[in-house]
Every structure is written in C-alpha cells, then in structure tokens.
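J.: Protein chains in written order, with our numbering: chain A, 111 to 449; chain B, 111 to 449; chain C, 111 to 449; chain D, 111 to 449.
Backbone N, C-alpha and C define an ideal beta-carbon position, used for all residues, glycine too.
1. Under three-state DSSP, which class holds residue 279 of chain A?
2. With DSSP run on the structure shown, which of helix, strand or coil describes residue 403 of chain D?
3. So is residue 205 of chain C buried or exposed if we call it buried at 16+ other beta carbons inside 10 Å?
4. Using the three-state DSSP reduction, which class does residue 207 of chain C fall into: helix, strand or coil?
5. Can you give me the Cβ contacts of residue 215 of chain C inside the same chain, cut-off strictly under 8 Å, excluding the 5 residues immediately before and after it?
6. Work out the CA separation of residue 185 of chain A and residue 91 of chain C for me, nearest whole Å.
7. Are the segment 126-139 of chain C and the segment 288-296 of chain C in contact at 8 Å, needing three or more beta carbon pairs?
8. Which ranges would you report for the beta strand (DSSP E) in the segment 131-155 of chain B if only whole runs of at least 3 residues count?
9. Name the two residues that bound the continuous beta strand (DSSP E) containing residue 357 of chain A.
10. Helix, strand or coil for residue 435 of chain C, going by three-state DSSP, please let me know.
11. Compile a chain-ordered list of the residues in the segment 364-383 of chain A whose CB is closer than 7 Å to at least one CB of chain B.
12. Between residue 338 of chain C and residue 409 of chain C, which are expected to be in contact by the criterion C-beta below 8 Å, what is the C-beta distance as a whole number of angstroms?
13. Going straight from the alpha carbon of residue 364 of chain A to that of residue 280 of chain A, what length do you get?
14. Within 8 Å, do at least three Cβ pairs link the segment 434-445 of chain A to the segment 418-433 of chain C?
15. To the nearest angstrom, how far is it from the Cα of residue 112 of chain A to the Cα of residue 161 of chain A?
16. Where do the ends of the beta strand (DSSP E) carrying residue 236 of chain C lie?
17. Terminal residues of the continuous beta strand (DSSP E) containing residue 253 of chain C?
18. Compare the beta carbon distance of residue 207 of chain D and residue 250 of chain D with 8 Å and say whether it is the shorter of the two.
19. Give me, in chain order, the residues of the same chain whose beta-carbon lies closer than 6 Å to that of residue 269 of chain D; leave out the 5 immediate sequence neighbours on both sides.
20. For residue 185 of chain B, report the span of its alpha helix (DSSP H) as first-last.
21. Check the C-beta distance from residue 442 of chain D over to residue 324 of chain D and give it rounded, since I have them as a contact under 8 Å.
22. How big is the Cα-Cα spacing for residue 444 of chain C and residue 271 of chain C?
23. Please list, in chain order, all residues of the same chain as residue 399 of chain C whose beta carbon is under 8 Å from its beta carbon, the five residues on each side excluded.
24. Compile a chain-ordered list of the residues in the segment 169-202 of chain B whose CB is closer than 8 Å to at least one CB of chain C.
25. Assuming residue 309 of chain D contacts residue 189 of chain A under a Cβ cut-off of 8 Å, what Cβ separation, rounded to an integer in Å, is found between them?
26. Give me whichever residues DSSP pairs with residue 317 of chain D in a beta bridge.
27. Pick helix, strand or coil for residue 270 of chain B, following the three-state DSSP scheme.
28. For residue 228 of chain D and residue 170 of chain A, I'd like the C-alpha separation in whole angstroms.
29. Taking C-beta to C-beta, are residue 152 of chain C and residue 254 of chain C nearer than 8 Å?
30. Return the CA-CA distance between residue 223 of chain A and residue 320 of chain B, expressed in angstroms with no decimal places.
31. Quick one: list the residues of chain D neighbouring residue 411 of chain B, beta-carbon separation under 8 Å, in chain order.
32. In angstroms, rounded to a whole number, what distance separates the CA positions of residue 316 of chain A and residue 360 of chain A?
33. How many Å lie between residue 168 of chain A and residue 141 of chain A at the Cα?
34. With 16 other CB atoms within 10 Å as the buried threshold, where does residue 125 of chain C fall?
35. When burial is assigned at 16 or more other CB atoms within 10 Å of the CB, is residue 232 of chain B buried or exposed?
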C-alpha cells in the first residue's frame with residue numbers, strides 16, 4: 111500500500127514513474143529485515159550507483175535539523191562533500207556493525223585503503239526502534255549489513271522492512287517510505303527522490319495533506335524517535351546547493367505535523383549522481399555542470415513535497431506490528447480503513 | 111483585527127493575556143510608519159527591556175533558516191550570545207540608517223563606547239518591501255529609527271505598520287504580527303512571545319490552520335520576500351537552547367505553507383529576559399538558572415505555534431494597501447470576509 | 111617599506127610579481143584616507159573585477175575565526191556563495207555609510223535593483239580604530255566610500271592608508287598589508303593573493319617568521335582589535351573549497367602569534383575570479399571548472415603563508431602615527447631599525 | 111621524557127602539578143596498547159569523572175578545525191552539549207568496536223537505556239595509524255576498549271601508548287601527549303588540561319617553541335594524519351564558551367607548524383567538570399555558575415598553549431617505533447639528542 115493508494119498525495123509537482131528514490135537513474139535500494147519475536151529491526155542500504163563508490167564518489171551534503179542522533183560519517187561528508195560508501199540505515203545500536211561492514215567491504219574492493227590511499231568514510235544513519243525491538247540485543251550483524259547492500263535493486267519493499275522493521279511514527283507503525291518528483295530543466299527531464307526512515311512524531315500530531323489530524327488513540331507515545339531523510343537527484347548541483355536542498359527535508363517533516371522534537375534525530379543527506387569525483391583524478395581540475403541558483407526553488411519544493419509524501423508512504427506501507435514485551439504499533443492504513 | 115478574530119488560532123498551548131511578544135514581562139515594541147504615496151515603509155523596534163541594553167545585555171541567539179538577507183549584527187550575536195541594542199526591523203535599504211541610529215543612541219548613553227570599552231553591535235533585520243514601497247528612495251532616516259524606539263510600549267499596533275507598512279505575504283498584504291504562549295515550569299508561569307515581519311510566501315501557498323489554502327488570485331507573486339521572526343521569553347535558558355528555540359521558527363513558517371524559498375531571508379532571533387549579562391561585571395563568574403534540556407519540547411512547540419499564528423496575525427491585521435506604481439496588496443481579512 | 115624589505119618573508123611558496131592581492135588578474139584595490147588630527151580612518155575597496163559585480167558575481171565564501179565583529183553581508187554570502195559589490199573595509203562605525211554607498215552605486219548602475227530584480231547585498235568589513243581615531247565622530251561619508259572604489263587600481267599603497275589609517279596591531283601601528291603566492295596547476299600559472307586590515311594582537315605577542323618576539327614596550331594594549339583577511343584567487347574552485355581556504359586565514363594569524371582573542375573580529379572572505387555567476391543567466395545550468403580536492407593543500411599553504419606575510423607587510427608599511435587624544439602607535443620598521 | 115625535559119615548554123601561563131589533563135580534578139586517563147609486529151595500535155580513554163557519565167553528564171562542545179575524520183558522537187554532542195560516555199581515542203577502523211564497547215558498558219550500568227530512557231551517545235575519535243599499524247587487520251576489540259577504561263587513573267603513560275601506539279607526527283613518531291595550565295579566577299585556582307592524539311603534520315613543517323624547525327629527514331611523509339585534541343577544565347563555563355575554547359586547539363596546532371592539511375581530521379572536544387547535567391533531573395531548572403565572557407581570553411591562551419605543548423609532549427614521549435612492512439618512525443628525543 112502506497113501513500114497515494116490511501117489518497118495521501120502531497121504537493122503540486124508530478125512524481126516519477128515509480129514514485130521512489132529509484133526514479134533517479136542508477137540509484138538502488140536494498141533491505142535486510144530481522145523480524146523474530148522481540149527482534150524487530152534491520153538494515154536498509156541506498157546505493158547512489160552500482161559501481162565502486164570509493165573510486166567514484168558522488169557529491170553529497172547533510173543537514174542536521176535536530177541533532178539528537180548517533181549517525182556516522184557526517185563530519186567528513188560535510189568537509190569534503192562526497193560519499194564513499196553506500197548509505198546504510200539501521201537502529202541506533204547497530205551503527206558500529208554497519209560501519210564495520212562498510213569498511214571491510216571497501217577494503218575488499220580497494221586493498222590500498224588505509225595503506226597507500228586514505229581510509230574510507232562509512233556513512234550510517236539511525237533511529238531508535240526500541241519500542242518494538244529489543245535494541246539491547248544488538249542483533250544486527252555485519253552480514254546483515256552486507257545482505258542489505260547485496261539486495262539493492264531498482265524496486266524494493268516499503269513499510270515495515272529493513273531498517274524500518276521496528277520503527278514508530280506519530281504513534282502508528284513507521285518504517286521505510288519513498289517518493290519522487292520529476293523536473294524539467296533546460297529541456298531535459300530530471301528526478302529528485304526521497305527515502306525516509308520514519309520514526310518520529312508524537313501521537314496526535316500527525317497531519318494529513320488535507321489538514322486532517324489522525325490519532326492512533328493508543329496512549330502516549332514518548333517522543334524519542336528520529337527521522338532520517340535521504341535525498342537523491344540526477345540534477346547537476348554543487349555541495350552548497352545540496353546542503354540547501356537537504357535543509358528542506360525539515361519542511362516536509364513540519365508539513366507532517368512535527369515541530370522537530372528535542373529527542374528526535376532529524377537528519378537529511380542529499381546526493382547527486384551527476385558529476386562524481388574520482389579517488390585518483392589524473393588532472394588538477396574537473397569540468398562540472400552546475401544548476402543556476404535562481405532555478406533552485408523547484409528543487410526545494412520537490413524536496414519538501416517528496417519528504418512529506420515519503421513519510422506518509424512509510425505510514426501507508428507499514429502494517430500493524432507486534433514486538434518486544436507485547437508492544438504493538440498499528441498501521442495507519444488499518445486506522446484510515448476503519449474510519 | 112487579530113488572527114483569532116478571523117478564527118485563525120494555531121496549536122494547542124494557551125496564549126498570554128495580550129497574545130503578543132509583550133506578554134513577556136518587560137518587552138516593549140514601537141513603530142515608526144512612513145506611508146506617503148510611493149513611500150510605504152517604516153521601522154519597528156523590539157526592546158527586551160526598558161533599560162540600557164549595552165550595560166545589561168540579554169542572552170540571545172539567531173537561526174538562519176534561509177540566508178537570502180542583509181541583516182546586521184548576527185555574527186557577533188552568534189559568537190557572544192548577547193544583544194546590546196534594541197532589535198530594529200526595517201526595509202532592506204534602510205539597514206544602514208537604522209544601524210547608525212542605534213550606534214549614535216548607544217554612544218549618547220554610554221560615552222565610553224569605542225573609547226575605553228568595546229564598540230556596540232547594532233542588530234537590524236530587514237525584508238524587501240519593494241513591491242509597494244519605492245525602496246530606492248531610501249526614505250527611512252535615523253530619526254525614524256529613534257522614533258520607533260521612543261514609541262516602544264507594551265501595547266502596539268499590528269498589520270501594515272512600522273517595518274510592516276509595505277510588506278507582502280503569500281500575495282496578500284503582509285506586515286507585523288505577534289502571538290504568545292503561556293508555559294508552567296517549576297510551579298511558575300512563563301511566556302514565550304513572537305513578533306514577525308511577514309513578507310514571504312508565493313501566492314497560492316498560504317495554508318490556514320484548518321488546512322484550507324487561500325489564494326489572493328491577484329496574479330503571480332515573485333518570491334523575493336523574507337520573514338523575520340523575533341522570539342522573546344522570560345524562561346531562563348542558555349544560548350545553545352535559544353538557538354534551538356529560534357530554529358523552530360522555520361517550523362512555523364512551514365506550517366503556513368512555505369518551503370523557505372530561495373529568495374527569502376528567513377531569519378529568527380531569540381532572546382531571554384532572564385539572567386542578562388553586565389557590560390562590566392565585578393566578578394569572574396555569574397550565577398545563572400538554566401532550563402533542563404528534557405523540558406525544552408514545550409518551548410519548541412510554543413515557538414512553532416506562535417510563529418505560525420504571528421504570521422496569520424500579520425495577515426489578519428494588514429489592511430489593503432496601495433503603494434508605488436499603482437501596486438496594491440489586498441488584506442486577507444477582506445478576502446476571507448468575501449468568501 | 112614591504113615586509114620583505116625588513117627580511118620578513120614567510121613560508122616556502124613563491125610570491126607573485128607584486129606580492130599583493132592584485133597579482134590575481136583583474137583584482138583592483140583603492141583607498142580613501144581620512145587623516146586630520148583626531149580623525150585617523152578611511153576606507154579600502156577591493157574589486158574582484160572591474161565590471162558590474164551585480165551582473166557578474168564572483169563566487170565567494172567567508173570564515174568567521176572569531177566573531178566579535180560587525181561586518182555586513184556575510185549571511186547572504188554564506189547562503190548564495192557570491193559577491194555582488196566591491197568589498198569595503200572601514201572602521202566599525204562607518205559600516206552604515208559604506209553600505210549606503212554600495213547600495214546607491216549599485217542602483218545607479220542597475221536601476222531594476224529592488225524593483226524587477228532582487229535587492230543588492232553590500233559587503234562591508236570593519237575593525238575598531240578607536241585608539242588613534244575618534245570613532246565616535248563617524249567621519250567616514252558615502253563619498254569617501256565611493257572615492258575608495260574610484261581609486262581602485264592594480265598598484266596601491268600599503269600601511270597606514272585607507273581603512274588602515276588608524277589601526278593598531280600587536281601594540282604597533284597596524285594597517286593594510288598584502289602578499290601573494292604563485293601556484294602551478296595543470297601546467298598553468300595561478301595566483302592566490304591576500305589583503306589584510308590588521309588591527310589585532312596584544313603587545314608582546316607578535317612573533318616574526320624566525321621565531322623572534324618583538325614588543326613595542328609602549329605599555330599594555332587592550333585587545334579590542336580585529337583582523338579582516340580578504341583572499342582572492344584565479345584558481346577555479348567551488349564555494350565549499352573557498353570556505354576551506356578562508357579558514358586557513360586563522361593559521362596565518364596564529365603564525366603571527368595571535369590566539370584569536372575574545373575581543374577580535376577575525377573574519378576572512380575568499381573569492382575566485384574564475385567562473386562567476388550571471389545575475390540573469392539564459393540557461394538552467396552553467397559549465398564550471400573545479401579544483402580536484404586532493405590538490406587543495408597548496409591553496410591552504412598559500413593562504414596561511416600569505417596571510418602571515420600580509421600582516422607583517424601591514425606592520426612594515428605603517429609608519430608611526432599620532433591621533434586622538436595624544437595617542438601614538440610606533441611603526442615596526444622604526445623599532446626593528448633601532449635594534 | 112616530557113616536552114619540558116627537552117626544553118620544549120610553551121607559552122606564558124604556569125602548568126599544573128602533573129602538567130597533564132589529570133590536573134583537572136576528577137579527570138582520569140587509561141590506555142590499552144596493542145604492540146605486536148604489524149599490529150601497532152590501541153585505545154586511550156578519557157573519563158571526565160569516575161562516576162556514571164550517563165546519569166551525570168558533563169557539559170561539552172566540539173570544534174571541527176578540519177573535518178577529514180571519522181569520529182562518532184559529535185552530532186548529538188553539538189546539539190545537546192553533553193557527554194554521556196568516556197571519550198575513547200583509537201585508530202580509524204576501530205571506531206565501531208569502541209562504540210560497541212561504550213554502548214554495552216552503558217547498558218550494563220543503566221539497563222533502562224534504549225527501553226524507558228533514550229539511547230546513549232558514544233563518543234569515539236580517531237586517527238589513521240596505517241603507516242606503522244596494519245589498520246586493515248582491525249585488531250582492536252571491544253575488550254581492548256573496556257581495558258583502556260578500566261585502566262583509567264590520574265597518572266598515565268605518554269608517547270607511543272594506547273591510541274598513540276602507531277601514530278606519526280611531522281614525520282616523527284607521534285602518540286599521546288598532555289599539558290595543563292593553572293588559572294586564578296575569583297580568588298580560586300582552576301585548571302585547563304589538554305590531551306592530544308598527535309598524528310598530523312608534514313615532515314619538515316614541525317616548529318619548536320623557539321622557532322627552530324626540525325626535520326626527521328626520513329623522506330616524504332604523506333599528510334594523511336589527524337590530530338585529536340581533548341580539553342578538560344574545572345572552570346564553570348557554558349557550552350557556547352566551551353566551543354570557543356575548543357576552537358583554540360587549532361591555534362596550538364598552527365603554532366606547531368601545521369596549516370591544517372586537507373587530509374587531517376583536526377577535531378577538538380572540550381568539557382567542563384563543573385555543573386554537570388542529570389539524566390533525570392527532579393526540577394525544571396538547574397542553578398549554574400558561568401564564566402563572565404570578558405575573562406575568557408585566559409582560557410583561550412591556556413587552550414592554545416597547552417595544545418601546542420601537548421603535541422610536543424607526544425613527540426617527546428614517543429620512542430622510535432617499528433611496525434608494519436618494515437616501516438619505522440624515529441622519536442624526536444633521539445633526533446634532538448643527536449644534534
């Protein structure tokens with residue numbers, strides 16, 4: 111079930127064919143889901159391209175809307191403006207395992223890492239799925255992380271899968287959602303896509319695109335969640351512009367009803383597949399195409415709309431789930447169907 | 111006409127008595143309005159307290175949600191975390207005159223400024239009122255700035271007054287709006303108040319609290335506006351917390367329908383009247399009361415709600431105005447009354 | 111007298127022909143000096159190119175090493191990554207007059223500013239020359255600012271001229287200094303040049319390149335100064351890289367003996383003359399050449415070395431000056447000649 | 111061998127009794143050293159106090175002087191301004207193991223972490239010791255991390271120990287160094303101490319306090335290092351001030367001859383032991399003592415001096431070390447003794 115199947119389309123710009131981040135040519139997504147009793151967690155991998163990311167680094171930038179989070183890799187991302195690994199999403203206590211997997215995988219592909227060349231910068235983002243998942247079990251392994259990467263494809267599941275398996279959102283079952291927008295620039299078609307790991311929002315604060323508020327009426331939800339927003343595009347932009355685009359993820363979260371709570375790690379990473387950087391370039395300069403600043407409002411609008419819709423898509427796709435200690439989160443589709 | 115008179119209350123927290131920033135004890139607001147034909151502009155002054163701000167400096171912080179703006183004073187504000195002058199709001203090209211007025215006024219009160227002691231840091235924030243106002247006329251004078259300060263009081267006009275005289279918002283007449291929220295902490299009552307200079311938003315993007323969209327149907331509005339948000343509180347917080355609170359102004363703007371357009375200078379300054387800093391303290395340490403971080407969500411919610419309502423309050427209060435070159439902006443109240 | 115005439119060459123990279131910021135092709139510098147009794151101040155203008163900067167905007171970035179300063183224009187510079195006016199340097203209380211001059215000059219050249227197009231973002235940076243100059247007199251006029259711009263040329267005076275007229279540095283007479291470095295990239299020759307307005311440093315802290323410390327022995331100097339560093343280059347770099355380069359100004363100041371005192375506004379602006387941005391581009395994308403990140407250490411070293419040497423150059427060029435209230439600052443050349 | 115034993119005292123302020131970070135009352139440091147053939151690495155733990163850091167969180171801030179680094183925990187540290195775990199230093203690829211150890215140790219002490227309360231934010235900082243150490247072996251284990259914490263004491267080894275075992279600095283053997291400064295404020299004695307993990311600087315760039323340059327003449331050293339600077343104090347300061355103090359670590363590195371190379375992760379974390387924050391406070395406000403801003407220059411100078419001296423202390427204490435692939439780094443003491 112997608113957000114649009116529930117009548118929850120957002121904004122004015124047209125979506126891409128799949129209405130996911132994989133509408134950006136080359137972008138792949140994979141999951142590893144760990145759903146066994148009190149273990150309700152997993153890993154989701156986003157690959158900006160199918161090749162060696164250490165050798166061919168996509169331009170990227172991050173924006174920390176609210177920094178109550180334990181991400182890895184954002185310091186170097188901010189300084190150098192490039193990705194060197196797949197982006198992994200997982201639970202808070204699985205960041206170490208996922209980082210280890212990314213490092214070992216990069217070394218296997220590039221044996222000079224940490225020897226002749228620099229080390230590699232793993233990027234791992236997280237939310238706390240401790241309501242449904244026994245996070246203290248630290249169940250995610252390096253093998254799980256690799257499995258998510260290996261599963262990466264243009265089509266992928268949404269809802270309570272991968273890193274989204276145990277997440278909660280506005281008191282409902284949260285998880286993985288996605289959306290995209292199609293844009294025309296200089297006579298060509300481009301895409302901007304968003305994938306979210308939605309685990310934020312107080313029960314009662316959810317706002318649908320038509321202004322309705324929906325409450326799970328399942329009691330108080332402690333606001334200790336987070337929302338990770340990954341934005342991909344094939345539009346040629348520079349890092350400063352990517353940071354501006356990433357910032358608009360916060361608009362999308364606000365449009366869903368959030369005020370970016372204290373306990374929420376609301377973090378966005380944006381990348382472009384255009385004009386990647388070589389690890390060992392053979393010249394001192396690179397030619398690059400860059401968007402004219404005066405055209406950037408379309409990207410801002412696309413990022414805001416697609417973030418909003420991706421959150422609703424996570425809610426739409428995530429079915430009612432039971433986990434640790436008898437805890438249950440109800441799926442939004444079930445509640446909307448009821449009413 | 112206030113936002114609530116039009117049925118446009120926002121959020122869940124209770125407002126203060128006046129539902130303005132002046133519900134924060136000691137805060138004063140004054141205007142100087144210049145409305146003569148093609149000159150439709152002015153100055154609005156916010157005084158955190160009635161005394162010598164250079165001698166007794168309120169703690170403050172700023173957040174730049176989108177930096178297409180020409181404010182003055184934010185670099186030092188960010189480094190030192192204090193205000194030293196009233197905050198002046200005006201049009202983009204009047205920043206120099208307002209700065210000059212603040213400097214001369216400070217020197218008059220403290221003749222050692224720039225001699226024995228450091229210089230003074232004027233804080234002036236601006237929006238471009240060039241649609242209604244002949245901004246090239248540079249009509250605002252230092253005397254106008256002083257007049258706004260001298261007029262500061264607990265009660266003050268709203269809408270198309272002071273710096274808001276020539277502003278536009280979502281294609282309607284914009285201007286000055288305000289709102290406040292009441293909070294209970296450790297058994298005492300506190301306030302957080304917001305004053306906005308609302309000059310942002312594309313026509314058609316305005317969203318009312320119930321989800322309705324309202325369009326002035328007055329043709330395209332170029333998004334070259336801005337929104338200045340001033341947040342005051344008497345809650346004892348430190349600068350890091352004030353920055354976090356100021357960041358939530360962006361939520362309020364998003365709740366009004368904005369995606370923080372490229373051409374908008376969306377800037378918030380937050381101050382607290384609690385625990386100000388002396389220019390020449392007689393000890394090496396100061397005792398201070400600081401909010402516990404786990405209680406800050408109420409301030410975030412108050413800042414987001416009051417910013418949203420203050421923008422609607424500006425729209426509610428601003429009557430249809432004609433200015434330069436036959437340009438007209440219609441008041442929202444008029445359009446809502448019609449429908 | 112230049113720094114090298116006093117044996118104060120810095121670092122290992124070769125200087126350009128003039129060893130000033132004007133070694134960057136197209137860059138011009140002009141002064142307006144106000145030296146009459148207690149008025150010891152002025153304006154210095156740096157023009158990245160000789161044309162209409164609003165129509166053809168150089169890429170730029172800023173770094174605030176210590177933010178006790180009252181600069182204008184850095185918020186928008188950081189957001190959009192472009193300059194739209196000459197960079198003006200002046201005393202703290204002349205920022206308003208200089209901003210006004212830049213606005214009026216831009217309007218005269220582009221009458222659509224603030225009407226059909228956006229407003230213009232003046233960039234003015236300042237230091238407090240209040241020891242020698244009667245800063246409260248606010249003597250600098252808009253005409254002075256325009257005179258500095260009109261005087262801009264490839265060759266220009268150094269030391270106690272323009273904005274440097276009344277400045278102090280490590281207890282000596284400070285002022286305007288400059289230096290440059292020559293770099294080879296992809297078989298071509300490029301330049302990175304620095305111009306400083308040096309008004310920082312406690313007496314006794316100055317360190318010469320050979321490690322010697324020199325003390326004016328003229329009593330305590332209150333650390334209320336600042337240092338403005340303007341870095342220009344013709345190397346094609348993007349804004350993120352310009353910010354990294356600007357950050358290295360702080361290295362140069364540290365190499366002079368400073369620890370970036372609390373009262374110092376240590377601010378750097380870096381621009382490139384390569385690949386400027388049009389105000390009204392006729393396509394959605396621009397082709398741009400960008401430096402490969404792995405080659406950036408040379409620019410870092412050049413920026414650090416040239417900043418250090420530019421400060422020493424200001425000290426070398428500034429002759430003993432008397433000003434307000436019988437205050438005198440001795441020139442470094444005089445003291446070094448004595449010893 | 112300490113820096114002062116080699117005549118390498120820095121600056122003007124007096125050191126504390128031990129001249130280490132442990133002069134700050136309550137601060138403890140421990141190492142786990144892994145030195146076996148091609149494995150030359152380890153872990154160093156800094157404990158701001160001996161108790162449960164999750165329950166009683168020291169105020170802290172970070173400054174990223176150059177962000178080519180893979181640290182963990184700085185996003186949340188920046189947002190909330192507190193430490194929740196010991197600070198661990200290690201090699202780049204051991205960050206995951208060290209994070210895991212910190213999480214498991216915190217859970218063991220506070221079984222409600224990730225259940226009733228929020229998750230814990232491990233802070234791990236790193237350098238690349240790949241020249242001497244087989245970093246691909248990923249030899250550091252969670253047990254090693256715990257061993258470093260368990261070994262924490264007021265007296266601790268310096269030089270090629272713990273995380274410093276395999277590090278290089280200016281072409282010499284690098285490692286762990288420390289220094290402190292004693293300060294009088296309001297009639298009482300306070301300390302500011304620094305501990306560095308020194309692994310930065312090109313061969314030939316090292317500059318001793320008297321201005322001499324020392325070159326290991328051991329061929330080119332690739333600048334792929336980093337320097338981690340941990341600053342502790344018992345002076346009551348707020349987070350904004352701690353960030354300002356942390357920024358001055360960059361001054362100390364510059365005084366050693368560095369220009370903060372592109373490949374260097376130069377990152378500082380500063381904490382105060384004064385006025386820690388409770389995980390579950392029983393009131394909405396906390397009383398706190400805060401340093402008056404006008405007195406902060408002493409802390410800046412102390413941080414700069416102690417950082418410079420701590421780097422020299424690491425060089426002084428680190429003996430010639432052989433590691434992976436026949437690589438050798440010579441100790442500075444040996445070279446200075448020779449000359």
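T.: Looking at the atomic coordinates:
1. strand
2. Residue 403 of chain D: helix per DSSP, three-state reduction.
3. Classification of residue 205 of chain C: buried, given that the 10 Å Cβ count is 16 or more.
4. helix
5. In the same chain as residue 215 of chain C, and ignoring 5 residues on each side of it, the C-beta atoms closer than 8 Å to its own belong to 195, 256, 259, in chain order.
6. Coverage of chain C is limited to positions 111 through 449, which leaves residue 91 of chain C absent and any answer about it impossible.
7. yes
8. Given a length threshold of 3 residues, each whole run of the beta strand (DSSP E) inside the segment 131-155 of chain B is given here in chain order: 138-146.
9. Element bounds for residue 357 of chain A: not the beta strand (DSSP E) but the alpha helix (DSSP H), 349-357.
10. helix
11. Answer set for the segment 364-383 of chain A: 364, 365, 369, 370, 371, 372.
12. About 20 Å; that fails the 8 Å criterion.
13. 12 Å
14. no
15. Residue 112 of chain A and residue 161 of chain A: Cα-Cα distance of roughly 30 Å.
16. Note, residue 236 of chain C: beta strand (DSSP E), 233-237.
17. Here residue 253 of chain C belongs to no beta strand (DSSP E); instead the alpha helix (DSSP H) covers 252-260.
18. yes
19. 285, 427, 428
20. 184-190
21. 7 Å
22. 18 Å
23. Excluding sequence positions up to five before and after residue 399 of chain C, its CB lies within less than 8 Å of the CB of 346, 384, 385, all in the same chain and listed in chain order.
24. 174, 176, 177, 178, 179, 180, 181, 182, 183, 184, 185, 186, 188, 189, 190, 202
25. Going by Cβ atoms, the distance from residue 309 of chain D to residue 189 of chain A rounds to 17 Å, so no, they are not a contact pair.
26. D/323
27. coil
28. 29 Å
29. Result yes, Cβ atoms of residue 152 of chain C and residue 254 of chain C sit closer than 8 Å.
30. C-alpha separation (whole angstroms): 55 Å.
31. The contacting residues do not exist; residue 411 of chain B stays about 15 Å from chain D at best.
32. 15 Å
33. About 21 Å.
34. buried
35. buried
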